[in-house]
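Peer 1: Protein chains in written order, with my numbering: chain B, 152 to 512; chain H, 152 to 512.
From the three backbone atoms N, C-alpha and C, an ideal C-beta is built for every residue, glycine too.
On a predicted model such as this, the values are computed, not experimentally measured, just so you know.
2 protein chains.
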Amino acid sequence: MEIDKVTVIGAGYMGSAITFPLSDNGITVNLWGTWLDDEIISACKKGPHPKLQKKLPAKVKLFYSKELKEALVDVQHLFIAVSSQGFLQVFNKILDNNMQECSFLVLTKGFVDDGGRVKSISTAARDILRSRGLQEARGLVGDRSPKGKYKWVSIGGPVKAIELSHKIPSATIYGTSDSHLRDSVKSFETSYYRISTFDEVTGIELSSAFKNVYAIGLGICDGIFKSKGQKEYHNLCAILFSQSLEELSIIVEKAGGDANAVWHLAGVGDLYVTGRSGRNREYGELVGRGKGPMDAYNMMLEADRLVEGYDTLKLGRQWIQEKDERLIERLPLLKSLFSIIFHENDPESEITRFVKGYPYP
Amino acid sequence: MEIDKVTVIGAGYMGSAITFPLSDNGITVNLWGTWLDDEIISACKKGPHPKLQKKLPAKVKLFYSKELKEALVDVQHLFIAVSSQGFLQVFNKILDNNMQECSFLVLTKGFVDDGGRVKSISTAARDILRSRGLQEARGLVGDRSPKGKYKWVSIGGPVKAIELSHKIPSATIYGTSDSHLRDSVKSFETSYYRISTFDEVTGIELSSAFKNVYAIGLGICDGIFKSKGQKEYHNLCAILFSQSLEELSIIVEKAGGDANAVWHLAGVGDLYVTGRSGRNREYGELVGRGKGPMDAYNMMLEADRLVEGYDTLKLGRQWIQEKDERLIERLPLLKSLFSIIFHENDPESEITRFVKGYPYP
Numbered sequence: 152m153e154i155d156k157v158t159v160i161g162a163g164y165m166g167s168a169i170t171f172p173l174s175d176n177g178i179t180v181n182l183w184g185t186w187l188d189d190e191i192i193s194a195c196k197k198g199p200h201p202k203l204q205k206k207l208p209a210k211v212k213l214f215y216s217k218e219l220k221e222a223l224v225d226v227q228h229l230f231i232a233v234s235s236q237g238f239l240q241v242f243n244k245i246l247d248n249n250m251q252e253c254s255f256l257v258l259t260k261g262f263v264d265d266g267g268r269v270k271s272i273s274t275a276a277r278d279i280l281r282s283r284g285l286q287e288a289r290g291l292v293g294d295r296s297p298k299g300k301y302k303w304v305s306i307g308g309p310v311k312a313i314e315l316s317h318k319i320p321s322a323t324i325y326g327t328s329d330s331h332l333r334d335s336v337k338s339f340e341t342s343y344y345r346i347s348t349f350d351e352v353t354g355i356e357l358s359s360a361f362k363n364v365y366a367i368g369l370g371i372c373d374g375i376f377k378s379k380g381q382k383e384y385h386n387l388c389a390i391l392f393s394q395s396l397e398e399l400s401i402i403v404e405k406a407g408g409d410a411n412a413v414w415h416l417a418g419v420g421d422l423y424v425t426g427r428s429g430r431n432r433e434y435g436e437l438v439g440r441g442k443g444p445m446d447a448y449n450m451m452l453e454a455d456r457l458v459e460g461y462d463t464l465k466l467g468r469q470w471i472q473e474k475d476e477r478l479i480e481r482l483p484l485l486k487s488l489f490s491i492i493f494h495e496n497d498p499e500s501e502i503t504r505f506v507k508g509y510p511y512p
Numbered sequence: 152m153e154i155d156k157v158t159v160i161g162a163g164y165m166g167s168a169i170t171f172p173l174s175d176n177g178i179t180v181n182l183w184g185t186w187l188d189d190e191i192i193s194a195c196k197k198g199p200h201p202k203l204q205k206k207l208p209a210k211v212k213l214f215y216s217k218e219l220k221e222a223l224v225d226v227q228h229l230f231i232a233v234s235s236q237g238f239l240q241v242f243n244k245i246l247d248n249n250m251q252e253c254s255f256l257v258l259t260k261g262f263v264d265d266g267g268r269v270k271s272i273s274t275a276a277r278d279i280l281r282s283r284g285l286q287e288a289r290g291l292v293g294d295r296s297p298k299g300k301y302k303w304v305s306i307g308g309p310v311k312a313i314e315l316s317h318k319i320p321s322a323t324i325y326g327t328s329d330s331h332l333r334d335s336v337k338s339f340e341t342s343y344y345r346i347s348t349f350d351e352v353t354g355i356e357l358s359s360a361f362k363n364v365y366a367i368g369l370g371i372c373d374g375i376f377k378s379k380g381q382k383e384y385h386n387l388c389a390i391l392f393s394q395s396l397e398e399l400s401i402i403v404e405k406a407g408g409d410a411n412a413v414w415h416l417a418g419v420g421d422l423y424v425t426g427r428s429g430r431n432r433e434y435g436e437l438v439g440r441g442k443g444p445m446d447a448y449n450m451m452l453e454a455d456r457l458v459e460g461y462d463t464l465k466l467g468r469q470w471i472q473e474k475d476e477r478l479i480e481r482l483p484l485l486k487s488l489f490s491i492i493f494h495e496n497d498p499e500s501e502i503t504r505f506v507k508g509y510p511y512p
């Protein structure tokens with residue numbers, strides 16, 4: 152099935168960047184900004200997107216936060232590109248508009264704190280749908296019902312928004328158990344936006360979330376060594392890189408997902424990009440250089456640079472604990488990163504200790 | 152079994168660097184230089200190693216090329232760290248000394264041209280042993296005989312020699328089907344030189360060889376974009392990185408090896424390092440910037456910077472052809488790289504064409 156109209160929820164980096172390949176496919180795109188995005192929408196009506204620093208495609212229709220209802224008219228495919236902090240509220244608002252049938256294409260990464268319980272994004276969504284007595288989304292975790300009216304796709308892979316908006320060749324992976332939807336998402340493909348598909352959500356969703364945490368680790372490694380004036384320490388980074396993927400696959404399997412997701416774009420590919428550049432890596436580098444983890448987080452936040460991996464580490468650690476309290480022992484790198492960020496343990500001592508125990512069973 | 156004496160064959164970067172963890176374990180180390188290394192041995196007798204720019208550990212015994220027999224006295228464990236071009240000649244010379252029993256720990260990466268037939272290093276070694284009527288090496292490809300007097304370990308993983316010599320934490324992987332030897336190699340471990348083991352040779356050997364080729368690809372990608380003044384093109388590099396590993400796993404499986412090697416230090420880890428820095432990457436960048444592939448190779452060779460990935464691409468392409476003439480169709484990135492380097496196709500056009508076809512089945 153060809154998809155000819157979509158609404159993008161969230162006008163930040165990624166929500167705005169995705170409008171480029173969509174528009175290039177002749178798809179009608181409504182871009183809705185949350186209450187935090189009203190200034191962005193205003194700016195985009197006059198000139199370039201203030202974050203992407205590029206004008207959005209001409210045919211994209213812009214909607215202020217108060218215009219959600221209008222933005223959803225006649226739309227059955229929603230990209231959700233808000234931050235994990237905003238997810239619960241925004242998802243509820245969408246459902247308030249009596250969407251009868253909808254596919255959610257979800258770019259939000261991380262975990263949510265749903266009244267004291269930590270949940271993955273897709274689990275939180277499922278629970279909201281259930282609490283509203285709605286038919287659950289096909290493709291959601293633990294739900295393979297072919298009759299659901301609400302479908303779910305988790306999107307992962309190495310796609311930096313700025314680059315996508317400049318049409319630098321990028322590849323992404325869409326994970327859903329709905330085979331029809333897997334075919335349909337090919338409607339979004341362009342010569343510069345290549346789409347792989349994967350047959351489940353969990354592997355993609357958890358890889359996308361936790362890779363931000365492990366990218367902090369790669370940044371820490373860089374920070375430690377740069378602060379010593381060392382230019383060459385690639386060997387150590389490679390241990391962290393390899394171990395990060397090992398641990399991602401353990402996490403995905405524990406959650407009942409397919410760890411093959413890790414060894415492809417959502418894990419290997421995305422960690423490669425996120426460890427090379429971006430906020431999580433930059434944050435890690437500050438910490439590795441000796442900046443206090445909380446100070447560094449707040450400093451970046453003030454500069455409007457939210458470090459998602461920080462929140463994912465905090466909530467993800469709790470989520471791991473709730474899954475299986477012994478699981479953390481199989482994730483020594485994650486455990487070290489948690490000690491550095493939340494117990495303020497010395498980064499170099501922690502990383503050295505981690506390496507001395509390598510390889511882990 | 153503890154190992155207390157080894158000889159290292161080849162006094163270049165890696166052969167010399169490995170003497171550091173060995174010495175730190177109290178192991179007696181003979182370092183033998185080939186006929187190309189005599190100047191290095193002379194220099195090391197007086198001061199720092201000219202390539203590593205660091206003095207070797209005091210107890211390392213240095214041997215000139217004419218002193219091979221002396222270097223092999225009472226030794227049953229040989230690290231082989233010559234280039235692939237030198238392998239056949241050196242391996243024959245070693246056997247000329249009537250080694251009765253020996254474990255070969257092999258750092259040489261790539262392929263050899265054995266009288267017109269392209270062979271992996273371990274296959275070439277096996278054939279030499281056979282031709283001499285010697286008992287085949289336990290742990291060699293296709294040979295699981297428990298009685299062989301000649302054992303084989305292929306060593307892989309993300310270990311840059313300079314960093315190892317400066318004791319930057321590094322992790323390596325030793326692959327052999329001999330379980331006793333897998334235990335014994337733990338004798339080489341230090342706090343900064345961590346050793347994983349793997350139960351076969353092929354996965355390690357082929358990952359180590361072909362990762363040099365794919366690192367050229369990552370360099371080409373950097374070169375193309377840097378030459379355009381683009382700073383951000385991580386998304387594209389990540390496609391290449393992920394696809395490189397996919398193709399490595401196809402190659403290893405086709406050769407009857409265990410592709411799990413790819414998803415660990417020998418593939419993921421080593422490609423990460425080799426794509427970040429080093430000669431193969433640097434060569435790729437020159438080509439990506441528009442330098443002729445042959446000129447760039449010769450220019451680097453004149454500066455004593457052999458680009459191993461170049462030779463591995465040439466011989467590896469032939470080896471692939473001999474394995475299965477349709478196999479190359481499942482390796483579209485390798486095919487593109489071969490076109491760029493040996494047919495002098497335009498790098499950007501080739502990479503663009505490769506991306507347009509992504510994802511590959």
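Which residues in chain B have a C-beta closer than 8 Å to the C-beta of Pro510 (chain H)? List them in chain order.
Peer 2: Ala322, Arg345, Ile346 and Ser347
Peer 1: Using DSSP bridges, identify the partner residues of Val310 (chain H).
Peer 2: Per DSSP, none; premise fails for Val310 (chain H).
Peer 1: Quick one: using the 10 Å Cβ neighbour count with 16 as the cut-off for buried, is Ser282 (chain H) buried or exposed?
Peer 2: The C-beta of Ser282 (chain H) has fewer than 16 other C-beta atoms within 10 Å across all chains shown, which makes the residue exposed.
Peer 1: With DSSP run on the structure shown, which of helix, strand or coil describes Lys302 (chain B)?
Peer 2: Strand.
Peer 1: For the beta strand (DSSP E) holding Leu182 (chain B), just list the boundary residues, first then last.
Peer 2: Thr179 to Trp183
Peer 1: Check distances from the C-beta atoms of the segment 183-204 of chain H to those of chain B and list, in chain order, the residues that come in under 8 Å.
Peer 2: none
Peer 1: Give me whichever residues DSSP pairs with Leu256 (chain B) in a beta bridge.
Peer 2: B:Phe230 and B:Val304
Peer 1: Decide if Ser330 (chain B) is buried, meaning its Cβ has at least 16 other Cβ atoms within 10 Å, or exposed.
Peer 2: exposed
Peer 1: By the three-class DSSP mapping on this structure, what secondary structure does Ser593 (chain B) have?
Peer 2: In this structure chain B extends from 152 to 512, so residue 593 (chain B) is not present and cannot be described.
Peer 1: Measure from the C-beta of Asn176 (chain H) to each C-beta in chain B and report whether the shortest distance is under 8 Å.
Peer 2: no
Peer 1: Is Pro297 (chain H) close to chain B? Criterion is C-beta to C-beta, closer than 8 Å.
Peer 2: Residue placement at Pro297 (chain H) is poorly supported in this model, since its pLDDT is 46, which falls under 50; the coordinates are not used for a value here.
Peer 1: Could you pull out every unbroken beta strand (DSSP E) segment of at least 3 residues lying fully inside the segment 343-422 of chain H, listed in chain order?
Peer 2: Runs of beta strand (DSSP E) with 3 or more residues, each lying fully within the segment 343-422 of chain H, are found at 344-349, listed in chain order.
Peer 1: Of all Cβ atoms in chain B, is any one closer than 8 Å to the Cβ of Ala412 (chain H)?
Peer 2: no
Peer 1: Out of curiosity, what's the CA-to-CA distance linking Glu314 (chain H) and Tyr509 (chain H)?
Peer 2: 36 Å
Peer 1: Here's the rule: buried if 16 or more other CB atoms are within 10 angstroms of the residue's CB, otherwise exposed. What is His415 (chain H)?
Peer 2: buried
Peer 1: For chain H, is any of its Cβ atoms less than 8 Å away from the one on Ile313 (chain B)?
Peer 2: Contacts with chain H at 8 Å (Cβ-Cβ) include Ile313 (chain B).
Peer 1: In whole angstroms, what separates the C-alpha of Leu285 (chain H) from that of Gly426 (chain H)?
Peer 2: 39 Å
Peer 1: Between the segment 348-362 of chain H and chain B, which residues of the former have a C-beta closer than 7 Å to a C-beta of the latter?
Peer 2: none
Peer 1: Residues bridged to Ile191 (chain B) by DSSP?
Peer 2: Paired residues: none, contrary to the question.
Peer 1: DSSP puts Ile160 (chain B) in a beta bridge; with which residues?
Peer 2: B:Trp183 and B:Ile231
Peer 1: Report the neighbours of Glu518 (chain B) on chain H: residues whose CB is nearer than 9 Å to its CB, in chain order.
Peer 2: Outside the modelled stretch of chain B, which goes from 152 to 512, sits residue 518 (chain B), for which no answer is possible.
Peer 1: By the criterion of Cβ-Cβ separation under 8 Å, what are the contact partners of Gly420 (chain H) in chain B?
Peer 2: Ala389, Ile390, Phe392 and Ser393
Peer 1: Quick check on DSSP: helix, strand or coil for Asn431 (chain B)?
Peer 2: helix
Peer 1: Measure from the C-beta of Lys507 (chain H) to each C-beta in chain B and report whether the shortest distance is under 8 Å.
Peer 2: yes
Peer 1: Taking Phe214 (chain B) as part of the beta strand (DSSP E), name the residues at either end of that continuous run.
Peer 2: Lys212 to Phe214
Peer 1: Could you round the C-beta distance between Leu182 (chain B) and Gly166 (chain B) to whole angstroms and report it? I think they count as a contact, below 8 Å.
Peer 2: 7 Å
Peer 1: If you count every other CB in all the chains shown that lies within 10 Å of the CB of His494 (chain H), and 16 or more means buried, which is it?
Peer 2: Per the 10 Å Cβ criterion, exposed.
Peer 1: According to DSSP, is Asp175 (chain H) helix, strand or coil?
Peer 2: helix
Peer 1: For chain H, is any of its Cβ atoms less than 8 Å away from the one on Leu416 (chain B)?
Peer 2: yes
Peer 1: Can you tell me where the beta strand (DSSP E) holding Asp264 (chain B) begins and where it ends?
Peer 2: Phe262 to Asp265
Peer 1: Using 10 angstroms around the beta-carbon of Ser254 (chain H), count the other beta-carbons present and answer buried if the total reaches 16, otherwise exposed.
Peer 2: By the 10 Å Cβ count, Ser254 (chain H) comes out buried.
Peer 1: Measure from the alpha carbon of Ala322 (chain B) to the alpha carbon of each residue in B:Leu207, B:Ser305, B:Gln381 and B:Ile346, then state which is nearest.
Peer 2: B:Ile346
Peer 1: So with Cβ pairs under 8 Å, would you call Val157 (chain H) a contact of chain B?
Peer 2: no
Peer 1: Roughly how many angstroms lie between the CA atoms of Ile245 (chain H) and Gln227 (chain H), to the nearest whole one?
Peer 2: 12 Å
Peer 1: Less than 8 Å between CB atoms is the rule here; does Ser335 (chain H) satisfy it with respect to chain B?
Peer 2: no
Peer 1: Does chain B have any CB closer than 8 Å to the CB of Val424 (chain H)?
Peer 2: For Val424 (chain H), the answer is yes, since a Cβ of chain B falls inside 8 Å of its Cβ.
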